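Asker: One structure follows; several queries about it will come next.
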Amino acid sequence: MEKYQQDFLDLAIYAGALKFGSFTLKSGRVSPYFFSSGVFYTGEFTSALAGVFAELICRKLPPEKYDIVFAPAYKGIPLCVSVCMALAKKGINKGWCFNRKEEKKHGDAGVFVGAPIKDGDRIILLDDVFTTGGAKEEAMAQLLSAAKVSFPAVFILLDRQEKDAEGKNAIAEFEKKHSTRVYSVITAQEIFEHLKGTKHISEDVLKAYRAYRKQYGV
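If you count by this note's numbering, then the sequence shown holds residues 444 to 661, one letter each, in order.
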């Protein structure tokens, strides 16, 4: 495991973003673990998270390959701003942008806040978890309705490595549909492989994960 992955895993456990047990997800699946980035609400946590994202971006995509860092509202608002700040510390100066839930009709009217979207822009998307990609597809559709843009990559914190509702690899289908790449800081398998035998994961949880992965995993 790379240092930035270890740093993120330590942060997720320390902040309580990563929990083990039995959790019913929005999809109805009963998962042996749950991840929520909503707990990264302090300056220290936000800065650490942005640093992890910036490291992943720098490893996977040269700065000349993208123009704008975008993240969907609401959790994406501090994310895209803080990640742009972390990139700036590495000498990479990019614009940030997020979408409004409802279009504003007055003043700075429109759907987007931040860097103006124009034809030819190459936009990278940030999000916490990839399940079906629905929220990302909605954001992409909004961006494409504003200008002729492209999406070189999507960056996420956790890849749950699951099938979609049709039993296909959710990320592979998303990449094919949108001609993009999805990169994650860490995968579910890496988390369980790294933490098995520690105080964080009991044998019962590990067995539950193996059964869950057999049923829903890719």
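Backbone N, C-alpha and C fix where the C-beta goes; we use that ideal spot for every residue, glycine too.
These figures come from a predicted structure and were not determined experimentally.
1) Less than 7 Å separating the beta-carbons of D602 and F573?
2) At what residues does the alpha helix (DSSP H) containing D450 begin and finish?
3) Three or more beta-carbon pairs under 8 Å between the region 634-647 and the region 607-624, yes or no?
4) Can you find the residues in the same chain that come closer than 7 Å, C-beta to C-beta, to A558, ignoring five residues on each side of it along the sequence?
5) Can you list, in chain order, the stretches of the beta strand (DSSP E) that have 3 or more residues and sit fully within the region 508-596?
6) Where does K650 sit, in a helix, a strand or coil, going by DSSP?
7) Alpha carbon to alpha carbon, what distance is there between Q632 and G563?
8) Is DSSP giving G471 helix, strand or coil here?
9) Go ahead and label M444 buried or exposed: buried means 16 or more other beta carbons lie within 10 angstroms of its beta carbon, across all protein chains shown.
10) Out of K657, A654, A596 and D647, point me to the one whose CA is closest to S627's CA.
11) Flag this pair as touching only if the region 576-589 and the region 642-649 have three or more C-beta atom pairs under 8 Å; answer yes or no.
12) Between V526 and F483, is the Cβ-Cβ spacing less than 7 Å?
13) In the DSSP assignment, find the unbroken beta strand (DSSP E) run with V628 in it and report its ends.
14) What's the gap between the Cα of T489 and the Cα of L522?
15) Between which residues of its own chain and V625 is the CB-CB distance below 7 Å, once the five residues before and five after are set aside?
Answerer: Looking at the coordinates:
1) Yes, the Cβ-Cβ distance between D602 and F573 is below 7 Å.
2) K446 to A458
3) no
4) For A558, where only same-chain residues beyond five positions count, the Cβ hits under 7 Å are I511, G538, W539 and C540.
5) 511-514, 538-547, 553-557 and 566-573
6) helix
7) It is roughly 37 Å from the alpha-carbon of G563 to the alpha-carbon of Q632.
8) coil
9) exposed
10) A596
11) As far as the Cβ criterion goes, the region 576-589 does not touch the region 642-649, which means the pair count is below three.
12) no
13) R624 to T630
14) 8 Å
15) In its chain, beyond the 5 residues on either side, F573, V597, I599, I614, F617 and E618 have a beta carbon closer than 7 Å to the beta carbon of V625.
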